[in-house]
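Student:
In mature numbering (1 follows the signal peptide of the UniProt record, and there is no 0), the protein residues as written are -19 to -1, 1 to 290.
1) For residue 129, count neighbouring C-beta atoms within 10 Å of its own C-beta (all shown protein chains included) and say buried if the count is 16 or more, exposed if not.
2) Can you tell which of 38, 238, 175, 113 has its C-alpha closest to the C-alpha of residue 102?
3) Thinking residue 235 and residue 282 are a contact (beta carbons under 8 Å), I'd like their distance in whole angstroms, please.
4) Start and end of the beta strand (DSSP E) containing residue 222?
5) Here's the rule: buried if 16 or more other CB atoms are within 10 angstroms of the residue's CB, otherwise exposed. What is residue 266?
6) How long is the line joining the alpha carbons of residue 134 and residue 169, rounded to whole angstroms?
7) I'd like the list of long-range same chain contacts for residue 140, defined as Cβ closer than 7 Å, with 5 residues on each side in sequence excluded.
8) Could you tell me which uninterrupted beta strand (DSSP E) segments, each at least 3 residues in length, are contained entirely in the stretch 238 to 267, listed from first to last along the chain?
9) Pick out whichever of 127, 229, 192, 279 has its Cα sitting closest to the Cα of residue 286.
10) Say whether chain D places a C-beta atom closer than 9 Å to the C-beta of residue 249.
11) Please determine, among 280, 78, 90, the residue with the shortest C-alpha to C-alpha distance to residue 222.
12) Just to confirm the assignment, what range does the beta strand (DSSP E) spanning residue 78 have?
13) On the DSSP letters alone, give me the boundaries of the alpha helix (DSSP H) that residue 59 sits inside.
14) Taking all protein chains shown into account, do 16 or more other C-beta atoms lie within 10 angstroms of the C-beta of residue 268, making it buried, or fewer, making it exposed?
15) Where does residue 22 sit, in a helix, a strand or coil, going by DSSP?
16) Go ahead and label residue 224 buried or exposed: buried means 16 or more other beta carbons lie within 10 angstroms of its beta carbon, across all protein chains shown.
17) Compute the Euclidean distance between the alpha carbons of residue 198 and residue 182, then round it to the nearest angstrom.
18) Take every Cβ of the stretch 6 to 13, pair it with every Cβ of the stretch 76 to 83, and state whether three or more of those distances are shorter than 8 Å.
19) Determine the extent of the alpha helix (DSSP H) in which residue 272 is found, giving its start and end residues.
20) Ordered along the chain, which non-local residues of its own chain (more than five positions away) have a Cβ less than 6 Å from that of residue 61?
21) For residue 132, report the span of its alpha helix (DSSP H) as first-last.
22) Span of the alpha helix (DSSP H) holding residue 192?
23) Give every residue of the same chain whose Cβ lies closer than 8 Å to the Cβ of residue 5, excluding the five residues on either side of it in the sequence, and list them in chain order.
24) Looking at the secondary structure, which residues open and close the beta strand (DSSP E) in which residue 50 lies?
25) When the Cα atoms are used, what is the spatial distance from residue 58 to residue 99?
26) If you check the beta carbons only, do residue 312 and residue 119 fall under 9 Å apart?
27) Decide if residue 189 is buried, meaning its Cβ has at least 16 other Cβ atoms within 10 Å, or exposed.
28) So, using beta-carbon positions, are residue 179 and residue 216 closer together than 9 Å?
29) Just to confirm, are residue 83 and residue 45 a CB contact at a threshold of 9 Å?
30) Just curious, the alpha helix (DSSP H) that residue 30 is in, first and last residue?
31) Considering Cα atoms alone, identify which of 87, 56, 201 is closest to residue 247.
32) Taking the CB atoms as reference points, tell me whether residue 34 and residue 23 lie closer together than 9 Å.
33) The beta strand (DSSP E) spanning residue 287 covers which residue range?
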């Protein structure tokens, strides 16, 4: 008997002290992802995009989970209210609780750690987040929706202690997120696995928003993919280098993204409802802006897969 008791005590000591399991999931919730990284780091949101430091890097054992929810009349607000109560009952204190525009909209969304599709889908116009702490345990909840389903992602960090000063900024990714694709990778394969892809054959004149009048292989391939299913929704996101004022760069990057969107509609027959245009300016660089080569890489338009059901 003493051996059984000792084993039970050992199991209890090994179990996470503040493990969080949501109790208020709708009946139609299906878990689609559950993986733990025993030792890792992740950037969690702790403030809206207007905060001095909206994201903090934390370390520890990281568990990623996701659910797809098939429930008539699904509401992100209703689910988040229920999850908020679950967290309070489990002893968690809220660090951040915000929704869509209040969080910071587009800029905030693309700083979040998000699993790629199909495990997670984020509607830029309907997402809600909560970050909460209980001792050395931290959780991040992200609720959103697609055309047919609701989605919930839960990141739980155990034993992380105090937040770690960030070494770099950029999109956080899940434990299974793909590495940066090689240059010769198929465009649509990259879009489907990574959730976004650079349309690297586009030709804009310096400081101009108009596309050069020629054919682009990337747009032809993207159009075929989008038209293959009316449920496929893609955002075209323009990016610039860091030369010039922020507002001017955001406006230019959006105009370039809109030019790409219009080309897809006018020449490739893509439905306007399936493509949108956004501008990120210089807020999401992929290379240093201190070199000419880095600035050239940062001037780009990306396709971001928002829904693929």
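Even for Gly, the Cβ is constructed at its ideal location relative to N, Cα and C.
Tutor: Well, looking at it:
1) Along the chain shown, one-based indexing puts residue 129 at 148. Exposed, because fewer than 16 other Cβ atoms sit within 10 Å of the Cβ of residue 129.
2) Within the chain shown, the letter at position 121 stands for residue 102. Checked all of 38, 238, 175, 113; the closest Cα to residue 102 is 175.
3) The residue you call residue 235 lines up with position 254 of the chain shown. The residue you call residue 282 lines up with position 301 of the chain shown. With 8 Å as the limit, residue 235 and residue 282 do not qualify as a contact, their Cβ atoms being about 10 Å apart.
4) Numbered from its first residue, the chain shown carries residue 222 at position 241. Note, residue 222: premise wrong, no beta strand (DSSP E); not H, not E.
5) As a first step, residue 266 must be located in the chain shown, where it is residue number 285. Classification of residue 266: buried, given that the 10 Å Cβ count is 16 or more.
6) Reading the chain shown from its first residue, position 153 is the one you call residue 134. Reading the chain shown from its first residue, position 188 is the one you call residue 169. About 24 Å.
7) Taking the first residue of the chain shown as 1, we reach residue 140 at position 159. Counting only Cβ-Cβ distances below 7 Å, and skipping sequence neighbours, we find 41, 42, 117.
8) 256 to 260
9) As a working mapping, residue 286 is identified with position 305 in the chain shown. The candidate whose alpha carbon is nearest that of residue 286 is 127.
10) Looking for chain D here will not work: only one protein chain is present.
11) For this step, residue 222 is matched to residue 241 along the chain shown. Of the listed residues, the one whose Cα sits closest to residue 222 is 280.
12) By one-based count along the chain shown, residue 78 stands at place 97. Counting along the chain, the beta strand (DSSP E) containing residue 78 begins and ends at 74 to 80.
13) In the chain shown, the residue the question calls residue 59 occupies position 78. 57 to 70 is the extent of the alpha helix (DSSP H) around residue 59.
14) Numbered from its first residue, the chain shown carries residue 268 at position 287. Under this definition residue 268 is an exposed residue.
15) Residue 22 sits at position 41 when you count from the first residue of the chain shown. Residue 22: strand per DSSP, three-state reduction.
16) To locate residue 224, count along the chain shown from 1; it is residue 243. Exposed.
17) Here residue 198 refers to the residue found at position 217 when the chain shown is read from its first residue. Here residue 182 refers to the residue found at position 201 when the chain shown is read from its first residue. Near 7 Å, if we compare the C-alpha coordinates of residue 182 and residue 198.
18) no
19) Within the chain shown, numbered from 1, the residue matching residue 272 stands at position 291. From DSSP, residue 272 is part of no alpha helix (DSSP H); its letter is neither H nor E.
20) Here residue 61 is taken as the residue at index 80 of the chain shown, counted from 1. Excluding positions up to five away in sequence, the list reads 109, 124.
21) Working through the chain shown from its first residue, we reach residue 132 at position 151. Run containing residue 132: none in the alpha helix (DSSP H); it sits in the beta strand (DSSP E), 131 to 139.
22) On the chain shown, position 211 is the one that residue 192 refers to. Careful: residue 192 lies outside any alpha helix (DSSP H) and carries neither H nor E.
23) Looking up residue 5 in the chain shown gives position 24. Excluding positions up to five away in sequence, the list reads 60, 63, 64, 66, 67.
24) Numbered from 1 along the chain shown, position 69 holds the residue referred to as residue 50. Here the beta strand (DSSP E) through residue 50 covers 36 to 50.
25) Locating residue 58 in the chain shown gives position 77, counting from the first residue. Locating residue 99 in the chain shown gives position 118, counting from the first residue. Going by the C-alpha atoms only, they are around 22 Å apart.
26) Outside the shown range of the chain, which is -19 to 290, sits residue 312, and nothing can be said about it.
27) Position 208 of the chain shown, counted from the start, is the residue given in the question as residue 189. By the 10 Å Cβ count, residue 189 comes out exposed.
28) For the purposes of this step, residue 179 is taken as residue 198 along the chain shown, with counting starting at 1. For the purposes of this step, residue 216 is taken as residue 235 along the chain shown, with counting starting at 1. For residue 179 and residue 216, no; Cβs fall outside 9 Å.
29) Position 102 of the chain shown, counted from the start, is the residue given in the question as residue 83. Position 64 of the chain shown, counted from the start, is the residue given in the question as residue 45. Not closer than 9 Å, so no.
30) One-based indexing of the chain shown puts residue 30 at position 49. No alpha helix (DSSP H) holds residue 30; DSSP gives it neither H nor E.
31) One-based indexing of the chain shown puts residue 247 at position 266. Answer by Cα proximity: 201.
32) Along the chain shown, read from residue 1 onward, the residue named residue 34 stands at position 53. Along the chain shown, read from residue 1 onward, the residue named residue 23 stands at position 42. Taking 9 Å as the Cβ cut-off, residue 34 and residue 23 do not qualify as a contacting pair.
33) In the chain shown, the residue the question calls residue 287 occupies position 306. It spans 281 to 288 - the beta strand (DSSP E) in which residue 287 sits, taken as one unbroken run.
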